[in-house]
Amino acid sequence: MNAKSESAAVAQRYPRSQQGPALEIYTLRDLEQGRIAPLAAVSRDLRDAMSVVAHVLPFRVNRYVVEELIDWEKVPDDPLFQLVFPQPGMLDPGDFAAVADLLAGDAPPAELRRRVEGIRLALNPHPAGQLELNIPRGQQGEPLTGLQHKYRETVLFFPSQGQTCHSYCTFCFRWAQFIGDKSLRMATREAGTLHDYLRRHREVTDLLITGGDPMVMKTRHLADYLEPLLTPEFDHLRTLRIGTKSLSFWPYRYLTDPDADDMLRLLEKLVAGGKHVALMAHYNHWRELETEVARRAIARVRATGAVIRAQGPLLAHINDDPGVWARLWQTQVALGIVPYYMFVERDTGARRYFEVPLARCWEIYRQAVQRVSGLGRTARGPSMSAGPGKVEVQGVATIQGEKVFVLRFLQGRDPDWVQRPFFARFDPQATWLDQLRPAFGEPRFFFEAAFEAMRKPDQ
Ligand SMILES: *Cc1c(COP(=O)(O)O)cnc(C)c1O
Ligand code: SF4
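Okay, so the sequence shown: first residue is -13 according to our numbering, each after it adds one.
Shown next as structure tokens:
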């Protein structure tokens, strides 16, 4: 097709109303040097504490988030402030004090670095065995970095140009890849590796491009990965998903960025080519959906025929409240977004600050679901993305006198585990699968022996 007339058609269908702002990013240096204007109203103590934590955990925020999403009158409790600005409680008090002392005493950089690295390693940088267990192999048995293949139907792809985000979430389970530890990087820019693998694996129906945030990439890079999948040899691949928080952190990606229209055109082309195209949008709070630019971005993406599905973790200090979830789902449905997953905060990084007991997660889920109509009840969860699979807490019940969690696999490393109910002893404090014990005096969960056997050959 003639490129010029194609872009004219897109411009007509998705009129761009104005020139947009450029992405302006603030990092630790800007935090320390007082360049984030609204922080002037925050106490000196809190600013210093944020800087201490930001020496350990990644920090990055852009001006749109600072100026349009955060309600500075409510800081520090504002959920959107908590979402992006590091908080003192995110580190163990001993670790916090150690880093604070080193900074206050102008310790040599090498000493500070050693201490920080030690703290990071203790924060479980690669949860759920991501490095060892999910990397697929090529025809010669070589590991294919940048790919993950954990569940039969779906391959994850980590393009190296998409391994950052328009801001960083303080609770991110991929935090380790943002702090420059090369051993934790899993990305590739090899489109050929991806395409070869998919060509050979006809059981794969879904490709999920993930990061970081793939939408930080130039459209043409994303096109290099995705457009070749429209040829008949990839007919087994029905769904192209892109995991992103850009609709929340940087809606201008779809409105006024220089290649915003190219992005919409790409989505449209993939849809026209017969694929189901889904933006797996990460949302934590309904306030992310309230700005006019966020709504216009959503409308433009939907106009391409792509579907937006929403997922996100349940987090203390941000959204551990059924009212917040009910309003989030209602707003999503009103804007044409499909609620998809409610996750349990993973066992990594600042989990000590954000984790919510499973029993409470289920209560919040249940109460939120009760407040919305069926269209808002498409979110499954609360779900733990653990080593063996995605495990949903279905509820709490008393069976023959024993109080138990009713659990099921939504996804399993072995597809045969999916949708099999199983039971754990009730524990009001437990926050993750590895803290649960089988109910009814059973020695192990039904999947444990098989899961252990899967782990061995890779070691
Ligand atoms: C969640 C997830 C998927 C996708 O699972 P769906 O239930 O199809 O959304 C794929 N791979 C991994 C590793 C995942 O965690
Ligand atoms: S947008 Fe996603 S990958 Fe990026 S920091 Fe947030 S949770 Fe992590």
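All C-beta atoms in this analysis are idealised placements derived from N, C-alpha and C, irrespective of residue type, glycine included.
According to DSSP, residues forming a beta bridge with residue i
i, result
"residue 370", "377"
"residue 266", "229 and 295"
"residue 134", "142"
"residue 110", "Paired residue(s): none; residue 110 is not in a bridge."
"residue 330", "300"
"residue 325", "296"
"residue 123", "129"
"residue 204", "Answer by DSSP bridge pairing: none, since residue 204 is not bridged."
"residue 389", "384"
Beta-carbon proximity of residue i to residue j, cut-off 9 Å
i, j, result
"residue 177", "residue 211", "yes"
"residue 361", "residue 393", "no"
"residue 275", "residue 230", "no"
"residue 160", "residue 194", "no"
"residue 410", "residue 391", "yes"
"residue 52", "residue 154", "no"
"residue 162", "residue 106", "yes"
"residue 398", "residue 137", "yes"
"residue 405", "residue 395", "yes"
"residue 336", "residue 157", "yes"
"residue 126", "residue 186", "no"
"residue 290", "residue 241", "no"
"residue 319", "residue 293", "no"
"residue 245", "residue 206", "yes"
"residue 314", "residue 270", "yes"
"residue 323", "residue 267", "yes"
"residue 63", "residue 273", "no"
Closer than 8 Å: residue i CB and nearest ligand 1 heavy atom
i, result
"residue 134", "yes"
"residue 397", "yes"
"residue 331", "no"
"residue 400", "no"
"residue 77", "no"
"residue 378", "no"
"residue 142", "yes"
"residue 120", "yes"
"residue 139", "yes"
"residue 183", "no"
"residue 194", "yes"
"residue 211", "no"
"residue 509", "Any answer about residue 509 is impossible in this case: the structure gives the chain only from -13 up to 445."
"residue 327", "yes"
"residue 146", "no"
"residue 37", "no"
"residue 371", "yes"
Per-residue DSSP class, three states only, for residue i
i, result
"residue 293", "strand"
"residue 104", "helix"
"residue 199", "coil"
"residue 174", "strand"
"residue 427", "coil"
"residue 28", "coil"
"residue 384", "strand"
"residue -9", "Legend: pLDDT at residue -9 = 47, less than 50; position of this residue unreliable, no value from coordinates given."
"residue 190", "coil"
"residue 61", "coil"
"residue 310", "helix"
"residue 39", "helix"
"residue 255", "helix"
"residue 394", "strand"
"residue 222", "coil"
"residue 436", "helix"
"residue 410", "strand"
"residue 47", "strand"
"residue 11", "strand"
"residue 404", "strand"
"residue 347", "helix"
"residue 421", "helix"
"residue 87", "helix"
Below-9 Å beta-carbon distance, residue i vs any chain D residue
i, result
"residue 360", "Structure shown: chain D not included; a single protein chain is present."
**Asked** Of all residues in the structure, which have a C-beta closer than 6 Å to any heavy atom of ligand 4, taken in chain order?
**Response** This structure lacks ligand 4; the ligands present are ligand 1 and ligand 2.
**Asked** Quick check: the region 38 to 50 against the region 3 to 17, are there 3 or more CB pairs under 8 Å?
**Response** The region 38 to 50 is in contact with the region 3 to 17.
**Stretch pair the region 343 to 362 + the region 298 to 309: three plus CB contacts closer than 8 Å** = With a cut-off of 8 Å, the region 298 to 309 and the region 343 to 362 count as touching, because enough Cβ pairs lie within range.
**Message:** Three or more C-beta pairs under 8 Å: does that hold for the region 364 to 375 against the region 407 to 425?
**Reply:** Verdict: yes, contact present.
**Message:** Quick check: the region 123 to 133 against the region 28 to 35, are at least 3 beta-carbon pairs closer than 8 Å?
**Reply:** No, they do not touch.
**Message:** Contact between the region 141 to 152 and the region 188 to 204 is defined here as three or more beta-carbon pairs at a separation below 8 Å; is this criterion met?
**Reply:** Flag = yes, the region 141 to 152 and the region 188 to 204 touch.
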